[in-house]
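Protein chains in written order, with full-length UniProt numbering: chain Y, 1 to 120; chain D, 1 to 404. For every residue, glycine included, the Cβ atom is placed at its ideal position computed from N, Cα and C.
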Amino acid sequence: MPKYLLIMRGTDESNAAMMANIDEMIATSRQFIDDLFKAGVYVAAEGLDDPAKGVVVDFGGETPVVTDGPYGETKELFGGFFLIDVASKEEAVEWAKRVPAAPGAKVEVRRVPGGDETPH
Amino acid sequence: MEAVWRIESARIVAALTRFTGDFGLAEDAAQEAVAEALVSWPRTPPADPAGWLMATARRRAIDAIRRRAALRDRYAVLATDPALGAAAGDEVDPDRIDDDVLALMFVSCHPVLSPEARVALTLRVVAGLSSQEIARAFLVSVPALQARITRGKKTIAAAGVPFELPPPAERRERLGGVLSVLYVIFTEGSTATSGDRLVRPEVAYEAIRLARTLAALLPDEPEVHGLLALCELTAARFPARTAPDGSPVLLEDQDRRRWDVSAIHRGLAALAKASAGGGLGPYGLQAAIAATHAAAPSVEATGWDRIVVLYEALGRVAPSPVVELNRAVAVAMASGPEEALAIVDELVVSDRLAGSHLVPTVRGELLTRLGRRPEARAELELAARLCANERERSVLLRKAAELD
Chain Y
1 MPKYLLIMRG
11 TDESNAAMMA
21 NIDEMIATSR
31 QFIDDLFKAG
41 VYVAAEGLDD
51 PAKGVVVDFG
61 GETPVVTDGP
71 YGETKELFGG
81 FFLIDVASKE
91 EAVEWAKRVP
101 AAPGAKVEVR
111 RVPGGDETPH
Chain D
1 MEAVWRIESA
11 RIVAALTRFT
21 GDFGLAEDAA
31 QEAVAEALVS
41 WPRTPPADPA
51 GWLMATARRR
61 AIDAIRRRAA
71 LRDRYAVLAT
81 DPALGAAAGD
91 EVDPDRIDDD
101 VLALMFVSCH
111 PVLSPEARVA
121 LTLRVVAGLS
131 SQEIARAFLV
141 SVPALQARIT
151 RGKKTIAAAG
161 VPFELPPPAE
171 RRERLGGVLS
181 VLYVIFTEGS
191 TATSGDRLVR
201 PEVAYEAIRL
211 ARTLAALLPD
221 EPEVHGLLAL
231 CELTAARFPA
241 RTAPDGSPVL
251 LEDQDRRRWD
261 VSAIHRGLAA
271 LAKASAGGGL
281 GPYGLQAAIA
291 ATHAAAPSVE
301 ATGWDRIVVL
311 YEALGRVAPS
321 PVVELNRAVA
331 VAMASGPEEA
341 LAIVDELVVS
351 DRLAGSHLVP
361 TVRGELLTRL
371 GRRPEARAEL
381 ELAARLCANE
391 RERSVLLRKA
401 AELD
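What follows is the structure, encoded as structure tokens:
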């Protein structure tokens, strides 16, 4: 069964808009997850913490170098994800259209290959 | 379009059944809405596809009722129903809708229907599969499948089955029927009874999704979680169960690295919920057995003692000769073939699995392990004569020949 990752890609502006209405966003997200549950397609969903609290491990040199914060420019930030188990890419896209998101944000839909497949 | 239908169909049919009181009419109206969408969406895609389908199906349902002279009185009532008169895409109480989908599951699994009709209706109206998809999955012709569905709808109408959740007293008993329909769908997908493929995962996954939906709607019913756990843990092995040429790979030969780890985690989580209330029911116990296999690095390192105990418990809550036979296999792994042979011999004496190739298959294996070669060979040859599956039969004959 194909699994799909719906990746929330916010911008500084859309994240700010989301934080301004955080209670509403949490409520609509809960509703969305509830809908995923009741359609039998929910696998996992998590929101990610503030990107500024993250680190990046850079393999550019001889040994990995750890630096604070993931991005130089914050055009698109991964804010969280929904992992769903659906019949087709089209169905994943339909769910993606229903993801609660602030204006300016994007949702990226990526297929998760099964254990017997090689990612490509 | 298909994707929207898949997501929304159960809700639409359920809501329409509540409005019209007629399950068959609701299903037909929803189908007509889909047909209309196929024609009109490519030209003018709606802003709210789900709402569009619901509104159109509702309009179709009213048209159908209007056409039925005998139902003229009811139409008058419907026409004045504020819920029906509201604009397209209006608000519908989500809690009520969930109850509707649950009621839909109970109606499509109603005991007045034949088991085949229950399976077909559940896949058709709850899972939203097309007649073609169901016919392909169960290897019947599309007209035969459609006739089965039509008969099922007529049976429900003739029996006057109300569209509602069964009263609490009946609920548990009827829930057992719903679970068994889902399990039948799952087993058809996990071990196809006929055809050229051992596994039809898409059918099995449809059952898993229905079980997940049921678990979301009835979170306090342990056996729903038990069934879900059993299905998830069984499906976790699918990637390792067949060789590249499609032939079956036995448990002891499976590459356990190919088991679906996330399915195992989901299964274990569901199993935890199934046992939250204390004891496990029949599905929960079978899931616990599957979980013991899933946790083991190899056949040898499996917790066979635990599996024996679980089969003993299963034999108490849901006694059957197949459970006895499985217990014998587990006992053979835990304590050796001698003790297991005694259990199988009792089964032979009681004659409860007469004609099945399973008893001589297991007996033959145990006798082989005990070094009683001529007897083992006779048993395996008997098993091969009784076995209907071509692939299994050739394995049995090969094992018998190795004992020469």
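The beta strand (DSSP E) enclosing residue i, as first and last residue numbers
i: V109 of chain Y; result: K106 to V112
i: L325 of chain D; result: Element bounds for L325 of chain D: not the beta strand (DSSP E) but the alpha helix (DSSP H), P321 to S335.
i: T67 of chain Y; result: V65 to D68
i: V57 of chain Y; result: V55 to D58
Cross-strand partners of residue i (DSSP beta bridge)
i: Y183 of chain D; result: Answer is none; Y183 of chain D lacks a bridge partner.
i: M8 of chain Y; result: Y:G80 and Y:V107
i: residue 121 of chain Y; result: The requested residue 121 of chain Y does not occur in the structure, where chain Y is confined to residues 1 to 120.
i: P248 of chain D; result: D:T242
i: P153 of chain D; result: Note on residue identity: the sequence assigns Lys, not Pro, to residue 153 of chain D. In DSSP, K153 of chain D forms no bridge with anything.
i: G3 of chain Y; result: The displayed chain sequence assigns Lys, not Gly, to residue 3 of chain Y. Paired residue(s): Y:D85 and Y:V112.
i: G189 of chain D; result: G189 of chain D is not bridged to any residue.
i: residue 187 of chain Y; result: What is shown of chain Y runs 1 to 120, which leaves residue 187 of chain Y out entirely.
Partner residues on chain D for residue i, Cβ-Cβ distance less than 7 Å
i: G104 of chain Y; result: Going along chain D, no residue has its Cβ under 7 Å from G104 of chain Y, so there is no contact; the nearest lies around 20 Å.
i: S88 of chain Y; result: A3
i: E94 of chain Y; result: A3, V4 and I7
Within chain Y, partners of residue i - CB distance below 8 Å
i: R209 of chain D; result: A39, G40, V41 and D85
i: L217 of chain D; result: K38
i: D98 of chain D; result: K38
i: S394 of chain D; result: Here the premise fails: no neighbours, minimum Cβ distance about 25 Å.
i: S108 of chain D; result: The contacting residues do not exist; S108 of chain D stays about 15 Å from chain Y at best.
Run of the alpha helix (DSSP H) containing residue i, from where it starts to where it stops
i: G51 of chain D; result: P49 to R67
i: S130 of chain D; result: S130 of chain D -> no alpha helix (DSSP H), and no H or E assigned at all.
i: A262 of chain D; result: Strictly speaking, residue 262 of chain D in this sequence is Ser, with Ala absent from that position. It spans V261 to A274 - the alpha helix (DSSP H) in which S262 of chain D sits, taken as one unbroken run.
i: E27 of chain D; result: F23 to S40
i: V203 of chain D; result: P201 to L217
i: G284 of chain D; result: P282 to A295
i: G315 of chain D; result: W304 to V317
i: T361 of chain D; result: L358 to R369
i: E62 of chain Y; result: No alpha helix (DSSP H) holds E62 of chain Y; DSSP gives it neither H nor E.
i: P115 of chain D; result: P115 to L121
i: G226 of chain D; result: P222 to A235
i: E381 of chain D; result: R373 to L386
i: V112 of chain D; result: No alpha helix (DSSP H) holds V112 of chain D; DSSP gives it neither H nor E.
i: R258 of chain D; result: R258 of chain D -> no alpha helix (DSSP H), and no H or E assigned at all.
i: S9 of chain D; result: E2 to T20
i: V140 of chain D; result: Here V140 of chain D belongs to no alpha helix (DSSP H), and DSSP marks it neither H nor E.
i: L165 of chain D; result: Unbroken run through L165 of chain D: none, as it is neither H nor E.
i: S394 of chain D; result: E390 to A401
Presumed contact (8 Å Cβ cut-off) between residue i and residue j, rounded CB distance
i: L16 of chain D; j: A57 of chain D; result: 6 Å
i: L179 of chain D; j: V125 of chain D; result: Going by Cβ atoms, the distance from L179 of chain D to V125 of chain D rounds to 18 Å, so no, they are not a contact pair.
i: G267 of chain D; j: A240 of chain D; result: Incorrect: roughly 15 Å between the Cβ atoms, too far for contact.
i: L139 of chain D; j: I185 of chain D; result: Their Cβ separation, rounded to whole angstroms, is 14 Å, which puts L139 of chain D and I185 of chain D out of contact at 8 Å.
i: L25 of chain D; j: A64 of chain D; result: 6 Å
i: R18 of chain D; j: F106 of chain D; result: 13 Å between Cβ atoms; not a contact.
i: V99 of chain Y; j: F32 of chain Y; result: 6 Å
i: V344 of chain D; j: V359 of chain D; result: 7 Å
i: K106 of chain Y; j: E76 of chain Y; result: 7 Å
i: N15 of chain Y; j: G79 of chain Y; result: 7 Å
i: R110 of chain Y; j: P2 of chain Y; result: Wrong, their Cβ atoms sit about 11 Å apart, outside the cutoff.
Chain-ordered chain Y contacts of residue i [CB-CB under 7 Å]
i: T213 of chain D; result: K38, A39 and G40
i: S131 of chain D; result: Ordered by position in chain Y, no residue passes the 7 Å Cβ test against S131 of chain D, which lies about 16 Å from the chain.
i: S247 of chain D; result: Simply none; closest approach about 15 Å.
i: S180 of chain D; result: Under the 7 Å cutoff, chain Y gives no residues; its nearest Cβ is about 18 Å from S180 of chain D.
Contact set between residue i and chain D, taken where Cβ atoms lie within less than 9 Å
i: E91 of chain Y; result: E2, A3, V4, R6 and I7
(message) For the structure I just gave you, are there three or more beta carbon pairs, one from the region 222 to 229 of chain D and one from the region 274 to 282 of chain D, closer than 8 Å?
(response) A contact exists between the region 222 to 229 of chain D and the region 274 to 282 of chain D.
(request) Check whether the region 315 to 325 of chain D touches the region 300 to 307 of chain D, taking contact to mean three or more Cβ pairs, one atom from each stretch, closer than 8 Å. (result) No, the region 315 to 325 of chain D does not touch the region 300 to 307 of chain D.
(message) Is it the case that the region 145 to 163 of chain D contacts the region 5 to 12 of chain D, given that we only count it when at least three CB pairs across the two stretches are under 8 Å?
(response) Contact fails between the region 5 to 12 of chain D and the region 145 to 163 of chain D, because fewer than three Cβ pairs, one in each stretch, are under 8 Å apart.
(message) Count Cβ pairs between the region 278 to 288 of chain D and the region 246 to 265 of chain D that sit closer than 8 Å; are there 3 or more?
(response) No contact exists between the region 278 to 288 of chain D and the region 246 to 265 of chain D.
(message) With three or more C-beta pairs closer than 8 Å as the rule, is the region 78 to 88 of chain Y touching the region 38 to 49 of chain Y?
(response) The region 38 to 49 of chain Y makes contact with the region 78 to 88 of chain Y; the number of CB pairs closer than 8 Å reaches 3 or more.
(message) Three Cβ pairs or more, each shorter than 8 Å: is that satisfied between the region 214 to 224 of chain D and the region 128 to 148 of chain D?
(response) The count of Cβ pairs closer than 8 Å, one atom from the region 214 to 224 of chain D and one from the region 128 to 148 of chain D, stays below three, leaving the stretches out of contact.
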